[in-house]
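A.B. asks: The sequence shown runs 1 to 51 under UniProt numbering. Virtual Cβ for every residue (Gly too), placed ideally from N, Cα, C. What you are looking at is a predicted structure, and each value in this text was computed from that prediction instead of being measured.
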Amino acid sequence: MSKVSREVAIIGVSSRIEIWSADRWDEYCTGAEETYEELAEKMGEGGALVD
Numbered sequence: 001m002s003k004v005s006r007e008v009a010i011i012g013v014s015s016r017i018e019i020w021s022a023d024r025w026d027e028y029c030t031g032a033e034e035t036y037e038e039l040a041e042k043m044g045e046g047g048a049l050v051d
């Protein structure tokens, strides 16, 4: 569970919401963005992962 500070981020996920500390949400998004970039580099033109 995240520690919630004064500022929060309310995120909609599927059929529920999540309440995050704004700082922790920013950290998570930064890490996820790097992962998405790595995945995009591995994607082929046809949308399939290539080795």
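Check each candidate in V4, K3, E18 and name the one with the smallest Cα separation from I10.
C.D. replies: As a working note, residue 10 is residue 10 in the sequence shown. With distances taken between Cα atoms, I10 lies closest to E18.
A.B. asks: Can you tell me which residues form a DSSP beta bridge with G31?
C.D. replies: Your numbering for residue 31 matches position 31 in the sequence shown. Answer is none; G31 lacks a bridge partner.
A.B. asks: Does the beta-carbon distance from A22 to E34 come in below 8 Å?
C.D. replies: Position 22 of the sequence shown, counted from the start, is the residue given in the question as residue 22. Position 34 of the sequence shown, counted from the start, is the residue given in the question as residue 34. No, these two residues do not count as a Cβ contact at 8 Å.
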